[in-house]
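What follows is a short report on a single structure.
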Amino acid sequence: MTMPTPLPAAFPPIIDMNTTTQQPRSVRRRLVHLLSRQWDGLMALVIVAVAQLLMAGIQYLLDGNSVDLPPSILAMAVVFVGFAVSGYFLPGVDKFYQRRLRCSADLLNRHMSIGFTIPFVMICRSPLADGRTIGLIVLCFVLTGVLNTVFSYFLALPLQCIMVRWDKRSSDHADPGAGVTEGRRGQKLRGPIKSICDVASMDSCLKPSADEASEEAQSEEKHSVSQDEESSPRHNRENTNRPPRWSQSRQWALRNPMLIICWLLTIFVGIPLRYAIHNDAVLSTCLLFSIWLSLLAIQVGIKSSQRLRPWLRALLCGMFNAVLWTSLAMITYVFVDGAISHRSLPAMLDTLQTNITFSTYVLQAVRGNSLGQSMAAGDIALSILNAGLVSWGLKLYEYRQQLLSRAGLTVFTVSSVVALGNVVCGPLLAYVVGLGPASRDLAFAARSVTLALGSPVMTRLGGDISLNATMVVVSGIVYQMGLGFGVGVWLEQKIISVSRRRTVIRTGESLQQQQQQQQQEVCAAAASPAAALQAAPGATTTTSTSSTTPRVDYDTEAQQKSAAAATVGSARAGSCSAAFRRDTDDPCQVAAGITIGINAAAMGTAYLYETKSDAAPFAALSMIALGVMTVVFSTIQPIAHWIVAKVATGDLA
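Just so we're aligned, residue 1 is where the sequence shown starts under full-length UniProt numbering, counting upward by one.
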């Protein structure tokens, strides 16, 4: 028996061409994706710079005319109007926005919420009140929050339903056949619109989404399985010996380069500069961004985890609220650093925010003035927040068709009514509860107005600015955590189930009438076979050997019954789908966006943009409309003097 001769050592190993070609493709794809994310980040910085320059120019014009209005809101309106007018005359503007600016704007909207941490930290400046005052403030805050939420939603929902029916009737009268064609075409072209309560889509252009990551992992797993089936045992051993943890760590590092860079700068640059030359700005800035990016990475990891159940993922994501925990971490940093360096709390807060933003630098440079201080961590965060507000003009342009429809009229109507109710009823409710003094009562006149528009209102009415800012920030955090915990999903399901039950009852009554009518027709046809034969040309007669009575073969009648059943089923499905199909003017979606924009202000709107919800533009528009109308009502002298007099004197008669 002869042994097989071994292969020579110089014999080249068998090379799997699929493996050698697949690995460079995977590396190339990841490299391209990483470069595209860096490009989006660079474009986001360009948007921030342009927004700050635009705000500086608007502030210069406002100061020259002695007008007290927030430049960020006006800059947002300028961006929206500019893009809308340019897009009307230049068709390529929309394509330019979709290809070059949309992803960068989404990235900026994702990280603009870092600016909300600074007002939360600055709450420490206010003196600590006694327990009774804190309890009354919490009571008034809860009462006004519940009343505003319920009133705004249940005012917007029926009003939008009326708008939708009005629009549908006008379109039906204009072209009766257009509805059927549009419905059939919409079944093919209309995609599912994301819910406002979808907490599984927090990923943006900075990090690949969980769906993309899972798809990539599944494709790699399928490729490895196919290789294992076709390759040799030696190749199988090489695949099993690959360290998956190292691969996962490398992928995580590629997805979070800025997080790693920020922590390295904090440890090796910020801390040495703090204790060497007493520079607090670098350490606080690096630490702020490090904590913020870490919490966002934790949220993404929780949402993309397949080991956790959906309810547990929603619970953990709500608990790890980035704004809340970043604010608490920065408050801890302020107290710890103050204790180490033996500095007071106000002095430490002054190192965190100097009220000098990038637009302030530009404005003072134009006027020829020099600033003795530099920007701190809070000023950089607020600059990003203001730039994010300006970038909402781009998002409003993206959803211009929805905003310029009847839904926009619903937004302005509800926001105006709620603004008037807050200005008049908010301070009166606080006075009736017994909060006092008048400045605290007047703080509820702009309870949920965004900070950019709430400060002018408090200045005109004489309200407590710090209390108003605290309520706005806490309300936004409560709404963010509520949506993260799944409260919005639960409410949405309850409302839709009630609407579905009502629609099914109405549909069942009409179907019962149709069935009774069909049964009457069938009984009439069975009573007169001759008439049935004449009415049904396809019916045939057969004779039997036992009887000469003609027997009707009701083939045509059976076909009619089946056709009627199919018609009834299609009518039922069509009515349900028409009742619950989410289009751009869906009443539930518009009402939810209005409710969040009115009650959660910029923080709630930013959360909707982070989750890429189609209700976000309605929230942004309602937030702006509420703030503007609150400013308008507070500038009307009879209303302002009446409210201040009633709260100050206590004469409510």
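By construction, the Cβ of each residue, glycine as well, lies at the ideal position given by its N, Cα and C atoms.
Since this is a predicted model, take the numbers as computed values, not measurements.
First through last residue of the alpha helix (DSSP H) which encompasses residue i
i	result
A600	587 to 610
A276	271 to 276
L404	Note, L404: premise wrong, no alpha helix (DSSP H); not H, not E.
H111	102 to 111
H641	637 to 649
T285	280 to 303
V79	71 to 89
I261	257 to 265
A314	310 to 319
P119	117 to 121
S439	438 to 442
G92	92 to 96
Euclidean distance between Cα positions of residue i and residue j
i	j	result
V418	N148	7 Å
S41	R99	The identity of residue 41 in the sequence shown is Gly, whereas the question assumes Ser. Rounded to the nearest angstrom, the two C-alpha atoms are 14 Å apart.
A200	S455	The predicted position of A200 is uncertain, since its pLDDT is 38 and thus under 50; a value taken from the coordinates is nonetheless stated next. Going from the Cα of A200 to the Cα of S455 covers about 35 Å.
residue 670	Q637	Here the chain comprises residues numbered 1 to 653, so residue 670 is not present and cannot be evaluated.
G186	D614	Confidence in G186 is poor, its pLDDT being 36 and thus under 50, which makes the residue's placement too unreliable to answer from.
G627	A377	27 Å
S341	L296	31 Å
F151	V424	15 Å
L621	A44	22 Å
V414	V50	33 Å
R37	T635	46 Å
V644	A445	11 Å
A339	L101	45 Å
N109	E610	7 Å
L62	D68	7 Å
E220	M319	Unreliable placement is indicated for E220, whose pLDDT of 44 sits below 50; no coordinate value is reported for it.
T649	R447	22 Å
V79	S405	20 Å
R125	G57	31 Å
M375	L349	13 Å
H223	I277	In this predicted model, H223 has a pLDDT of only 44, less than 50, meaning its place in the structure is not dependable; the value taken from the coordinates is given anyway. C-alpha separation (whole angstroms): 55 Å.
R132	W311	37 Å
L136	L435	6 Å
R28	L35	11 Å
Proximity below 8 Å, CB of residue i to CB of residue j
i	j	result
L259	A381	no
A75	M55	yes
P617	Q402	yes
Q160	A591	yes
V469	P119	Looking at the sequence shown, residue 469 is not Val but Ala. Going by C-beta atoms, A469 is nearer than 8 Å to P119.
T354	D379	yes
A438	V647	yes
L453	V631	yes
G115	I384	yes
I356	L371	yes
A602	L315	no
Q59	A387	no
R30	L254	yes
C317	Q306	no
A407	D280	no
S304	T266	no
L293	I302	no
A156	T595	yes
I477	L324	yes
V121	M458	no
residue 661	L429	Residue numbering for the chain in the displayed model covers 1 to 653; residue 661 lies beyond these limits and cannot be assessed.
C140	V411	no
L461	R440	no
Presumed contact (8 Å Cβ cut-off) between residue i and residue j, rounded CB distance
i	j	result
I463	L442	Here residue 463 is Gly; the residue named in the question, Ile, does not match the sequence. Confirmed, Cβ separation roughly 4 Å.
residue 654	S113	There is simply no residue 654 to check, as the chain begins at 1 and stops at 653 in what is shown.
I47	S104	6 Å
G604	A619	6 Å
Y88	L394	Actually they are not in contact, since the Cβ atoms of Y88 and L394 sit about 16 Å apart, beyond 8 Å.
Residue i beta carbon near the ligand ATP (any heavy atom closer than 7 Å)
i	result
Q52	With respect to the ligand ATP, the structure offers nothing, as it holds no ligand at all.
Extract the residue ranges of the alpha helix (DSSP H) inside the segment 444 to 493, only unbroken runs of 4 or more that lie entirely within it. 451 to 461, 465 to 485
Contained alpha helix (DSSP H) runs [length at least 4] in the segment 327 to 406, N- to C-terminal order: Whole alpha helix (DSSP H) segments, 4+ residues: 345 to 352, 358 to 367, 377 to 398, 400 to 403.
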